[in-house]
Amino acid sequence: ALFAVVNVVTGVFVESAIRTSGKDRDTVIREELSSKSRYLHSLHQVFEEMDGDETGSITIDEFERHLDDPRVVAYFNTLQLDVSDARTLFLLLDLDGSGSVDIDEFLDGCQRLKGESRSLDIAVMRYELKWMRH
1 ALFAVVNVVT GVFVESAIRT SGKDRDTVIR EELSSKSRYL HSLHQVFEEM DGDETGSITI
61 DEFERHLDDP RVVAYFNTLQ LDVSDARTLF LLLDLDGSGS VDIDEFLDGC QRLKGESRSL
121 DIAVMRYELK WMRH
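Here the sequence shown is numbered in full-length UniProt numbering, starting from 1 and rising by one per residue.
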């Protein structure tokens, strides 16, 4: 099992190195900033669609209702967000525990949760688990 984890982590680093090889630093920075801007814009549009009552926040009911639409699920998948467990995802987005998610919580949470786990994510999780035990 440990060997498999090491292979996955190594694969992530190799893929990242291949992508950035041959590009100068400024180009890589511009591309990353542009990509992040497009990503945030897309998330903002998704949030506005979910916030049908235009309160500036979405409830778990609004969130789950939109995730019943296969098009919305597919769109979240293109944004590298796994929405298979909607209730857990909502709880992770609801940072203040208010029962609703505002635009800032939504954008910050989706950015944190996008993609696959990286070695830093695993290290943070280990640290927090260790801290909780003591």
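Here a beta-carbon is modelled for each residue, glycine too, at the ideal position from N, C-alpha and C.
- In the three-state reduction of the DSSP assignment, VAL101 falls in the strand class, which pools E and B.
- In the DSSP assignment, THR59 falls outside any alpha helix (DSSP H) and lies within the beta strand (DSSP E) extending over 57–59.
- When only Cα atoms are considered, THR10 and VAL28 end up about 21 angstroms apart.
- The segment 88–106 makes contact with the segment 53–67; the number of CB pairs closer than 8 angstroms reaches 3 or more.
- Proximity to ASN77 across TYR39, GLU49, ASP53 and ASP94 peaks at TYR39, based on C-alpha coordinates.
- Counted as a single uninterrupted DSSP element, the alpha helix (DSSP H) harbouring VAL46 occupies residues 25–50.
- Restricting attention to ILE103, LEU95, ASP94 and GLU64, the CA atom closest to the CA of SER84 is found in GLU64.
- Under the three-state reduction of DSSP output, LYS130 falls in the helix class.
- Annotated as proximal: GLU105 and LEU95, with beta-carbon spacing under 8 angstroms.
- Annotated as proximal: GLY56 and ILE103, with beta-carbon spacing under 8 angstroms.
- Its chain contains CYS110, LEU113 and LYS114 as the residues whose beta carbon lies nearer than 7 angstroms to that of LEU81, once the 5 sequence neighbours on both sides are disregarded; these appear in chain order.
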